[in-house]
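Student: Provided herewith is a single structure, encoded as structure tokens, for subsequent inquiry.
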Amino acid sequence: MDISIQKAEQNDYDLLLPLFRQVHAFHVFARPDLYKENSTPVEREFFESQLIDVSQHIFVAAIVDDLVGVIVTKEEEITENSFVKARKVLVINSLCIAESHRNKGVGNKLTNYVFDFGRSLKVDSIELGVSEKNTSAIKFYRSLGMTTKSRKMEFKFN
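The sequence shown: position 126 = 126 (UniProt numbering), numbered continuously.
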């Protein structure tokens, strides 16, 4: 299986929408108190604005002409102050592999591509947020050598 990785383009939107829906459906399932059902969780205009934003980078994984994965990243600069040191981070905002192509090396290849891309940008780290309920994603990220940096907690009323 030959997996190619390339930058997303405007004409990829319709092919990526099912992957965006897949990610959003998981979030709605895991946290219906936070996420609402939406058949278009990523609007075309928003996707296109990400493509022209020089700090954002979207890469797709393709097998022949079939887009089977997407990773959405954004460069962030943390300014030094009396509390923290300055650093440059590449944040993974979204990663989705088509269910039919999971556990076939697509996620590994796509994520390692982004790790290499981050090195080329000379970022200090690559970071992401992941739901505690997404145990398969946590296991996947750990297999790549990622570790837990912090944990976001809540106390819900109602």
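We put the beta carbon where it would ideally sit given N, CA and C, even for glycine.
1. Nearest chain C C-beta to V60 closer than 8 Å, yes or no?
2. Just how far apart, CA to CA, sit K149 and E127?
3. Can you check whether the CB of L90 is closer than 8 Å to the CB of L121?
4. DSSP puts D65 in a beta bridge; with which residues?
5. Kindly indicate which three-state DSSP category T73 falls into: helix, strand or coil?
6. Helix, strand or coil: which one does DSSP assign to K88?
7. Using the C-alpha atoms, what's the distance from S82 back to L67?
8. Starting from Q50, follow the alpha helix (DSSP H) in both directions and report where the run begins and ends.
9. Closest to S125 by CA distance: which of T147, H101, E45 and D2 is it?
10. For P32, count neighbouring Cβ atoms within 10 angstroms of its own Cβ and tell me buried if that reaches 16, exposed if not.
11. What are the boundary residues of the beta strand (DSSP E) that includes F6?
12. Any idea if I78 is buried or exposed, counting beta-carbon neighbours within 10 angstroms, 16 or more meaning buried?
Tutor: Reading off the structure:
1. Among the protein chains of the structure shown there is no chain C, as only one such chain exists.
2. Whole-angstrom Cα-Cα distance: 9 Å.
3. With a cutoff of 8 Å on beta-carbon distance, L121 and L90 are scored as near each other.
4. Partner(s): none; D65 has no beta bridge.
5. Looking at T73 - three-state DSSP - the assignment turns out to be strand.
6. In the structure shown, K88 sits in a strand (DSSP, three-state: E or B).
7. In a straight line, the C-alpha of L67 is about 45 Å away from that of S82.
8. For Q50, the enclosing alpha helix (DSSP H) stretches over residues R44 to I52.
9. With distances taken between Cα atoms, S125 lies closest to T147.
10. Counting C-beta atoms within 10 angstroms of its own C-beta, P32 has fewer than 16 neighbours from the protein chains shown and is therefore classed as exposed.
11. It is worth fixing the name first, because residue 6 is Gln in this sequence and not Phe. Element bounds for Q6: I3 to K7.
12. It is exposed - the Cβ of I78 has fewer than 16 other Cβ atoms within 10 Å.
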